[in-house]
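In UniProt numbering, the protein residues as written are 1 to 363.
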C-alpha cells in the first residue's frame, strides 16, 4: 500500500449508506482465525464519512524565466570594477562593471587599415581615369581599379560597423566599455570577480544573474495517480516552510505535458505576486489543492494488515472467531486509511488488535 499525498479534514460524520464497488466481495478470502482472548480485540461498525480531501504537492519557488537574464560580457577582455553582490537591487541600464578589451583595439586597427586601403584605392582609381582618358590604360584595367576601389570602401564600412557594434566610436582611443544591467531586478548570483578574463563567445558562465522578483513561480510535482485531481486555473493555497502559519493564494497557471524521467512527476506551475520579495528562489513550498467533499470509509491504520500482496482486514465470524476480507486502500489520513473497496457502510470490522489474529507462521 502506497500512501498518497492527500490529507483529510472531517466535516461531518454521515451515516448515509455508501456502496463501494459491487464486485469487491468476489475477491474476499475467508479463512477462520483461531479464537483469541477478547480483551485485546475491539470490533466496530464501519460508517462512511463526508470529508474534504486536500491534495498536497511538494514544490519550490522559482524566478519567472521571462523575467530572468544572465549578464554576459559583450566582448572579450579583463573585468574591472565589479560592483555587484548577491541580493543587490539593480536598475535597468545601471553600470555593474567595466571591461578592458583587446577586441576594441583589434577592431580599430582593422578600421585604420581599411581606411588606408581605401585612400590608396581612391588614388589608384584617379590615376587610372587620367591614363584611360589619354588612352594609355585600357578600359579593362580601369574597371579592375574601380572594382578594387569599391571593395576597399565596403571593407571600410564593415570595420566601422564592427567598432560601433562593440559600443565604441572609430574616432575614440578608449578600450574600456561599461557593462550595464539589462533589466531592473535582484542579483541572484555572481559568476565571476574583478580581474578575471572574459571570453564573450566561449564562456558558459555569466557575470551575474538578475531576476525581477515582483512575481514568482511556485512549481510542484504532480505524480501520476494524482494528475486527475489537478486542473488549469484551479485555486491553490500555498504554504512555505519559511513562514509557518501563513497561507498564500494563487491559481494553477500551467500543467506540464511530460513526466520527468527521474521523478515520474509532472510539473504544475502557480504564478504568484511577491510584494516585498518575501518569496525567494529555491524556497520550499507546499501546494494545497482542495478536492470535492465525498463520502469515504476510514479505518484505523492498525486495522489494515498486509498478507503477501493482499491487503486485509478481520471481520467477526461468530462464536468468537474471525475471518479475513480483502480490501483496497487509498489515501492515508494521519493514523487512518481510506478503504476504497471491500467494505460497505454498516460492516463490522476488527478496529483494534487485528495483529493478534494473524495465523502463526508455519502452522
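Yeah, the Cβ is synthetic: ideal placement off N, Cα and C, and Gly gets one too.
None of these values were measured; they are calculated from a predicted model.
Annotation: the continuous alpha helix (DSSP H) that includes residue 153 extends over 139–165.
Taking C-beta atoms as the reference points, residue 61 and residue 225 fail to come closer than 8 angstroms. Beta bridge pairing from DSSP links residue 314 with 324.
Here residue 220 is near residue 57, since their CB atoms are less than 8 angstroms apart. Between the beta-carbon of residue 162 and that of residue 107 there is about 5 angstroms, and that keeps the pair under the 8 angstroms contact cut. Take the alpha-carbon of residue 323 and the one of residue 63: they are about 57 angstroms apart. Per DSSP, reduced to three states, the secondary structure at residue 102 is helical.
By the criterion of a C-beta distance shorter than 8 angstroms, residue 156 is surrounded in its chain by 111, 114, 115, 117 and 118, once the five residues flanking it on both sides are discounted.
Residue burial annotation: residue 243 is exposed, with fewer than 16 other C-beta atoms found within 10 angstroms of its C-beta.
Annotation for residue 301: 335 and 337 place their beta carbon closer than 6 angstroms to its own, counting only its chain and skipping 5 residues before and after. Under the three-state reduction of DSSP output, residue 309 falls in the coil class, being neither helix nor strand. Beyond the five residues adjoining it in sequence on each side, residue 142 comes within less than 6 angstroms, by CB distance, of 128 and 132 in the same chain, given in chain order.
Approximately 48 angstroms separates the beta-carbon atoms of residue 100 and residue 130; this is outside 8 angstroms, ruling out the contact. Listed as beta-bridge partners of residue 297 by DSSP are 48 and 339. With 16 or more other CB atoms across the displayed protein chains lying within 10 angstroms of its CB, residue 240 is buried. Excluding sequence positions up to five before and after residue 145, its CB lies within less than 6 angstroms of the CB of 124, 125 and 128, all in the same chain and listed in chain order. Taking the Cβ atoms as the reference, residue 160 lies roughly 5 angstroms from residue 170, within the contact range of under 8 angstroms.
With distances taken between CA atoms, residue 175 lies nearest to 77 out of 210, 314 and 77. Taken through DSSP and simplified to helix, strand or coil, residue 227 comes out as helix. By alpha-carbon distance to residue 238, the top candidate from 165, 307 and 269 is 269. The three-state secondary structure of residue 116, taken from DSSP, is helix. Cβ atoms of residue 55 and residue 291 come within 8 angstroms of each other, at about 6 angstroms.
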